[in-house]
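A short worksheet on the structure shown next.
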Amino acid sequence: MHDIGELITRRKEEQSQCSGSRMPSRCCRTITTNDAILCTLHLGGNVVATSHGIAGVIQKWNIDSGEHQGSFGAVDRIPPKGWNFSYPPKDEMEWLWSIGKWNEDKIVTFSFEVGTMNVFNHVSGDLLNTIRHPDEVPISGMGHDNLFVYDDRVMAGLEDNTITVWNISKDGGEIETKLRGHTGWVFCMEALPNGDLISGGGDNTIRIWDTTTESCQTTIEDSGQGGVLSIQYVYSQNKFVCGGLNDTVKIWDAEHLKCEATLVGHTKRIRQIKSLNENCMMSVSDDKDIRIWDMRTLSCCQTLSGHDGPINSVSIVGDQVITGSQDKSIKIWS
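In terms of full-length UniProt numbering, the sequence shown opens at residue 1 and continues consecutively.
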């Protein structure tokens with residue numbers, strides 16, 4: 001398997017950049033869009049990209065001004081205001097479930113409906129490459145930590161229960177590796193500092209993979225969460241934090257693989273977890289709330305409400321938190 005050192009470096013940098021982030025306390029801006037937001041991605045500076053599932057569209061936004069800065073993808077299918085689930089026709093739906101940043105000007109999208117990846121230049125909006133799974137296997141829905149882009153590779157958790165790695169530098173892409181072991185959809189992955197990979201899935205297990213031998217070396221048979229939708233490794237504490245289908249957040253000792261705490265507060269499944277700073281984690285849920293958890297006291301220290309629908313995704317940009325929801329809005333919190 002291709003070395004994941006670049007991925008580990010990127011993940012460390014992402015956490016170090018927000019290590020001093022302040023605790024958000026209010027919504028300072030709401031951006032209303034025309035479609036449910038499935039995923040948010042920080043492109044750099046004050047610009048974020050959002051994937052809009054039904055129509056298969058990526059849109060860019062200035063989070064300081066709220067200004068729309070362009071669309072690409074299936075722009076001819078941007079829904080009109082007041083759209084419903086009859087638009088577009090079902091056979092034309094392209095749920096862009098996950099998006100990942102490749103480099104300064106390229107992103108990768110992965111469709112939930114048709115098992116297709118597209119590589120875009122997000123500056124020009126040009127489509128650079130289309131990669132189709134030979135068996136049309138789509139990325140696993142529900143979680144958003146199931147797509148990594150590093151070097152010239154894409155790693156994705158799929159509905160065939162595998163973690164699949166492509167070389168995307170070639171036209172049409174090329175599958176290089178498949179990690180097999182999960183017996184349910186792979187909802188999330190995370191890179192560990194020793195070069196291993198950790199994953200969670202619908203089979204309610206957590207697996208740790210040796211990326212050199214491409215084998216599963218450890219399995220936690222019962223995550224206690226009914227399915228693991230999000231995993232985040234906390235580099236400053238050698239712990240990993242999981243969000244589950246059963247509404248709980250669990251904190252694990254990464255060395256001894258022991259669950260140290262189960263945090264309750266959400267009332268519906270947790271879509272994504274992010275590290276807010278060295279001491280706090282953030283989770284978003286179908287219950288429409290954002291919760292901030294103090295890793296020292298093992299308690300919820302802040303709850304942010306305001307969305308009118310399930311929150312699918314969260315990104316951290318400096319001292320601001322960006323959330324995207326089924327209610328077709330982006331909210332910026334500070």
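Glycine residues also receive a C-beta, built at the ideal position from the N, C-alpha and C atoms.
DSSP, read as helix, strand or coil, puts G70 in strand.
Following the DSSP letters along the chain, one finds G5 inside the alpha helix (DSSP H) bounded by residues 5-17. Residue state for D203 is assigned as coil, using DSSP reduced to three classes. H133 and T303 have their C-alpha atoms spaced approximately 40 angstroms apart. Put simply, the backbone Cα of E136 is about 13 angstroms away from that of T164.
For G324, the enclosing beta strand (DSSP E) has its first and last residue at 320-325. 8 angstroms or more divides the Cβ of G200 from the Cβ of W185. The C-alpha of E190 lies about 30 angstroms from the C-alpha of D64. Three or more Cβ pairs closer than 8 angstroms define a contact, and the region 98-116 meets that threshold against the region 43-50. For R207, the closest C-alpha among the options G56, D35, W252 is that of W252. Within a 10 Å sphere around the beta-carbon of H68 sit fewer than 16 other beta-carbons, which makes this residue exposed. Taking C-beta atoms under 8 angstroms as the contact rule, I290 and M282 qualify, at a distance of about 6 angstroms. Between the region 250-265 and the region 216-231, the count of C-beta pairs closer than 8 angstroms reaches three or more; the two stretches touch. By the CB criterion at 8 angstroms, F110 and A156 fall inside the cutoff. Counting C-beta atoms within 10 angstroms of its own C-beta, T248 has 16 or more neighbours from the protein chains shown and is therefore classed as buried.
Look at Y235 here: in three-state DSSP terms it is coil, with no helix or strand label. When the five nearest sequence neighbours on each side are left out, the beta carbons in the same chain lying within less than 7 angstroms of the beta carbon of S140 are those of N146, G157, L158, E159, W185, V186, F187, in order along the chain. Contact between I330 and T50 is confirmed by a C-beta separation of about 6 angstroms, below the 8 angstroms threshold.
Secondary-structure assignment with DSSP links Q302 through a beta bridge to I292.
For the options C28, S25, I99, the alpha carbon positioned closest to that of K60 is the one of I99. A check of alpha carbon separations from G227 across M142, T30, H307, R296 identifies M142 as the nearest. The Cβ atoms of C39 and G324 sit closer than 8 angstroms to each other. Short of 7 angstroms from the beta carbon of L179, and not among the five residues preceding or following it, lie these beta carbons of its own chain, in chain order: T162, I163, W209, E214. When Cβ pairs closer than 8 angstroms are counted between the two stretches, the region 123-132 is seen to touch the region 164-173, the count reaching three or more.
The Cβ atoms of S313 and H144 sit closer than 8 angstroms to each other. When DSSP states are grouped into helix, strand and coil, E136 belongs to the coil group. Of the other Cβ atoms in all chains shown, 16 or more fall within 10 Å of the Cβ of D286; this residue is therefore buried. T205 is the residue among T205, R26, C216, Y235 whose C-alpha sits nearest the C-alpha of L229.
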